[in-house]
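S.K.:
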Amino acid sequence: MSDILKNVGEKEKERSASERGKASSIKTLQFPLMRPQKALLAHLPPPSVKPQKEDSDKAYYSNIVKYEKGKEGKYLKPEIRISGLVRLKPETVLKIEEDGVGLYDEVESLLRELFCDDVDYETIDSDKIMQKCEKIVDALGLGDEKILRPALIKNAGDVDYLYGHLVSSCIYSIVVGIGMGYQRSELIGLGASALLHDIGMTKYLALAAQPRALTFKEREVVKNHVLFGTQILKNIDGLSDAVIAVSYQHHERVNGSGYPRGLKGEFIHEYAKIVGLVSVFEALVHLRPHRVSFLPVEALREIIVNKNTFEYKIIKILIERIGIYPIGSLVELNTRETAEVIKLNNDNPARPVVRIIRDDDGEKPKETKLLDLAAQSAVYIKNGVREKI
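In short: position in the sequence shown from 1, add 1491, done, that's this note's numbering.
1. Touch check for the region 1692-1712 and the region 1771-1786: three-plus C-beta pairs under 8 Å?
2. Since residue 1830 contacts residue 1813 with CB under 8 Å, what's their CB separation in whole angstroms?
3. For the structure I just gave you, are there three or more beta carbon pairs, one from the region 1727-1742 and one from the region 1623-1633, closer than 8 Å?
4. Could you compute how far the alpha carbon of residue 1656 sits from the alpha carbon of residue 1598?
5. Could you spell out the range, first to last residue, of the alpha helix (DSSP H) harbouring residue 1640?
6. Between 1773, 1764, 1692, which lies nearest to residue 1799 when the distance is taken from Cα to Cα?
7. Which residue or residues does DSSP assign as beta-bridge partners of residue 1875?
8. Taking its Cβ as the centre, do 16 or more other Cβ atoms sit within 10 Å of residue 1866, making it buried, or is it exposed?
9. Under 8 Å, do residue 1835 and residue 1815 count as touching if we go by C-beta distance?
10. Is the region 1676-1695 in contact with the region 1750-1769, if contact means three or more CB pairs nearer than 8 Å?
11. Taking the alpha carbon of residue 1723 as the reference point, which residue from 1801, 1595, 1615, 1641 has its own alpha carbon closest?
12. State the CB to CB distance for the pair residue 1749 and residue 1716, rounded to an integer number of angstroms; the pair is presumed to be in contact (CB under 8 Å).
13. With three or more beta-carbon pairs closer than 8 Å as the criterion, would you say the region 1746-1760 touches the region 1635-1644?
14. Following the continuous beta strand (DSSP E) through residue 1830, name the residue where it begins and the one where it ends.
15. In the DSSP assignment, the alpha helix (DSSP H) including residue 1848 goes from what residue to what residue?
16. Could you pull out every unbroken alpha helix (DSSP H) segment of at least 4 residues lying fully inside the region 1654-1733, listed in chain order?
17. Quickly, what does DSSP pair residue 1863 with across the bridge? List them, please.
18. In chain order, what residues of the same chain have a beta carbon less than 7 Å from the beta carbon of residue 1771, not counting five sequence neighbours either side?
19. Measure the beta-carbon distance from residue 1873 to residue 1802 and round it to whole angstroms, keeping in mind my assumption that it falls under 8 Å.
20. Can you tell me whether residue 1746 is helix, strand or coil according to DSSP?
21. Quick check: what's the CA-CA separation for residue 1727 versus residue 1773?
22. Out of curiosity, what's the CA-to-CA distance linking residue 1853 and residue 1869?
23. Quick one: give me the first and last residue of the alpha helix (DSSP H) that residue 1774 is part of.
24. Exposed or buried, residue 1786, counting other C-beta atoms within 10 Å across all chains shown (16 or more means buried)?
25. Could you give the distance in angstroms between the alpha-carbon of residue 1876 and the alpha-carbon of residue 1734?
26. Per the DSSP calculation, residue 1755 is bridged to which residue(s)?
27. Please name the residue in 1859, 1855, 1819, 1842 whose C-alpha comes closest to that of residue 1645.
28. Hey, could you find the ends of the alpha helix (DSSP H) residue 1803 is sitting in?
29. Within 10 angstroms of its Cβ, does residue 1863 collect 16 or more other Cβ (buried), or is it exposed?
30. From residue 1856 to residue 1846, what distance separates their C-alpha atoms?
31. Spatial neighbours of residue 1850 within its chain, please: CB distance less than 7 Å, with the 5 preceding and 5 following residues excluded, ordered by chain position.
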């Protein structure tokens, strides 16, 4: 990994001043956290994206995660852009945040209601689950990324973290599925699979949520959650075989090191490969009773270290679509300001759109200030910030 970062650094120095859009003196600037992004991507082969069919879904995909400068968009509107500076009315930003939290809470509440203690699983209405997945798919498909914010920042320190983990895994899995070229119906199926993949943990949460690392024997007991979850889902009418397969296989790994059966590569359902990776990423970036949370870039590095256990193309899409600075991340700029990431730039994931939450004196700004770092070559992210909002 260090050799990769070194090579990226050398290439960075070779870039001309015109490419950077600044005077030659800009060559001396360092962009430390842009390098891990390039290094991670350079370390992986390109994904083989499924061709899209010529049907109604073509228009659906054309709007996915779309962001155009100088135009009113689904996410930032109304907006005024001047040299990369975006200003929004405070109430507009508040509405952006509230809307995302609203849908997130709606889905989490449904899970808590359906899978309460002493529930008769045969009475669970699977249509309610599918309808929530449709809402998430359609929101993301229209370029509305507000729900990505609570996926990162909510339930960060809860001992009862399971349902938040399921909702966030659902959201991130759908984003990865979009990157893989899935059709709408496939995205809904993938979302439902992710939303229910760890439901077997309801039986083992008290054991897993201890404020210490589990012993070997305890880990072996917790592994039974895949069997219990599969039994639960088989008793729910209307769920697809894929949903059940993901519950059973999401801990399988492409090199055969996973469980319960040690399956390899093509013998693992593709949805399970996606959900398995996303579930690990989501868990790492959130606090658990026995450990601190990882910064997203740290989580991605951890995944790369274990890259042989996951499919390369899925790792690559996770990096590109979720980013090293996911929506909701806090970052420190080279200007000493602290900002929150509110929008990704897919062509340049290391330079997202950010909202300043503290100025260089550590004070809350008097007016809402947003920066598109892709249009601000002199301003860049210096570090990620572990603090939660």
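The beta carbon of each residue, even a glycine, is placed where N, CA and C say it ideally should be.
On a predicted model such as this, the values are computed, not experimentally measured, just so you know.
M.R.: By the coordinates alone:
1. yes
2. Working through the sequence shown from its first residue, we reach residue 1830 at position 339. Working through the sequence shown from its first residue, we reach residue 1813 at position 322. Incorrect: roughly 18 Å between the Cβ atoms, too far for contact.
3. no
4. Position 165 of the sequence shown, counting from 1, holds the residue named residue 1656. Position 107 of the sequence shown, counting from 1, holds the residue named residue 1598. Distance between the alpha carbons of residue 1656 and residue 1598 is about 12 Å.
5. For this step, residue 1640 is matched to residue 149 along the sequence shown. Following the DSSP letters along the chain, one finds residue 1640 inside the alpha helix (DSSP H) bounded by residues 1639-1644.
6. Locating residue 1799 in the sequence shown gives position 308, where the first residue counts as 1. Minimum Cα distance to residue 1799 is reached at 1764.
7. Locating residue 1875 in the sequence shown gives position 384, where the first residue counts as 1. DSSP output for residue 1875 lists 1822 as bridge partner(s).
8. Position 375 of the sequence shown, counted from the first residue, corresponds to residue 1866. Buried: at least 16 other Cβ atoms inside 10 Å.
9. Along the sequence shown, one-based indexing puts residue 1835 at 344. Along the sequence shown, one-based indexing puts residue 1815 at 324. Going by C-beta atoms, residue 1835 is not nearer than 8 Å to residue 1815.
10. Three or more beta-carbon pairs drawn from the region 1676-1695 and the region 1750-1769 are found closer than 8 Å, and the two stretches are therefore classed as touching.
11. Counted from its first residue, the sequence shown places residue 1723 at position 232. Nearest option by C-alpha distance: 1615.
12. Numbered from 1 along the sequence shown, position 258 holds the residue referred to as residue 1749. Numbered from 1 along the sequence shown, position 225 holds the residue referred to as residue 1716. For residue 1749 against residue 1716, the beta-carbon gap comes to about 14 Å, at or over 8 Å, which does not count as contact.
13. The region 1746-1760, when compared against the region 1635-1644, does not touch it at the 8 Å Cβ threshold.
14. Locating residue 1830 in the sequence shown gives position 339, where the first residue counts as 1. Taken as a continuous stretch (DSSP letters only), the beta strand (DSSP E) holding residue 1830 covers 1829-1834.
15. Mapped onto the sequence shown, residue 1848 falls at position 357. Unbroken run through residue 1848 is the beta strand (DSSP E), 1844-1849; no alpha helix (DSSP H).
16. 1675-1687, 1696-1699, 1707-1713, 1716-1725
17. The sequence position of residue 1863 within the sequence shown is 372, counting from 1. DSSP lists 1844 as partners of residue 1863.
18. Locating residue 1771 in the sequence shown gives position 280, where the first residue counts as 1. Only 1794 meet the Cβ criterion.
19. Taking the first residue of the sequence shown as 1, we reach residue 1873 at position 382. Taking the first residue of the sequence shown as 1, we reach residue 1802 at position 311. Contact check for residue 1873 and residue 1802: beta-carbon distance about 32 Å, past the 8 Å limit, so the pair fails to qualify.
20. Counted from its first residue, the sequence shown places residue 1746 at position 255. It is a strand residue.
21. Position 236 of the sequence shown, counting from 1, holds the residue named residue 1727. Position 282 of the sequence shown, counting from 1, holds the residue named residue 1773. Going from the Cα of residue 1727 to the Cα of residue 1773 covers about 26 Å.
22. For the purposes of this step, residue 1853 is identified with residue 362 of the sequence shown, where counting begins at 1. For the purposes of this step, residue 1869 is identified with residue 378 of the sequence shown, where counting begins at 1. The alpha-carbon atoms of residue 1853 and residue 1869 are separated by roughly 21 Å.
23. Locating residue 1774 in the sequence shown gives position 283, counting from the first residue. Here the alpha helix (DSSP H) through residue 1774 covers 1761-1775.
24. One-based indexing of the sequence shown puts residue 1786 at position 295. That one is buried.
25. As a first step, residue 1876 must be located in the sequence shown, where it is residue number 385. As a first step, residue 1734 must be located in the sequence shown, where it is residue number 243. Taking the straight line joining both Cα atoms gives about 36 Å.
26. Residue numbering aside, residue 1755 sits at position 264 when the sequence shown is read from its first letter. According to DSSP, which records beta bridges pairwise, residue 1755 is partnered with 1746.
27. Your numbering for residue 1645 matches position 154 in the sequence shown. Residue 1819 is the option with its Cα nearest to residue 1645.
28. For the purposes of this step, residue 1803 is identified with residue 312 of the sequence shown, where counting begins at 1. Note, residue 1803: alpha helix (DSSP H), 1803-1813.
29. Position 372 of the sequence shown, counting from 1, holds the residue named residue 1863. Residue 1863 comes out buried.
30. As a first step, residue 1856 must be located in the sequence shown, where it is residue number 365. As a first step, residue 1846 must be located in the sequence shown, where it is residue number 355. So the two alpha carbons sit approximately 10 Å from each other.
31. Here residue 1850 refers to the residue found at position 359 when the sequence shown is read from its first residue. 1828, 1856.
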